[in-house]
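Colleague: Numbering-wise, the sequence shown is residues 198 to 267 according to the numbering used here.
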Amino acid sequence: DSPQDLLERAVADGLPPRAAAELTALFREARYSTHPMDGGHRDRAAAALAEIAHDLRSRTGEPETVADAL
């Protein structure tokens, strides 16, 4: 499967489209470009992943943080 195929399935299954697209674009850039990735790329990936994690937790009712679980 290509990154685009996985993105389309993930969004069809309900992942936030913007965050999923951002992670996919960053993956493509990291995998297929010749330039090094920097801290800005890492920060963008972390933000997109945090958005996806928040969305998934809100569906399952899991706490956002360990402190929320206590």
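Cβ coordinates follow ideal geometry from the N, Cα and C atoms, glycine included. None of these values were measured; they are calculated from a predicted model.
By how many angstroms is the C-alpha of Ala227 removed from the C-alpha of Ala209?
Modeller: Their Cα atoms are separated by approximately 24 Å.
Colleague: Return helix, strand or coil for His251, following the three-state DSSP convention.
Modeller: It is helical.
Colleague: Quick one: measure Cβ to Cβ for Pro200 and Ile249, integer angstroms, because I've assumed they're closer than 8 Å.
Modeller: Contact flag wrong, Cβ pair sits at about 15 Å.
Colleague: Go to Asp202, then tell me how far its alpha helix (DSSP H) extends in each direction, as first and last residue.
Modeller: It spans 200-209 - the alpha helix (DSSP H) in which Asp202 sits, taken as one unbroken run.
Colleague: Which residues bound the alpha helix (DSSP H) around Pro214?
Modeller: Element bounds for Pro214: 214-229.
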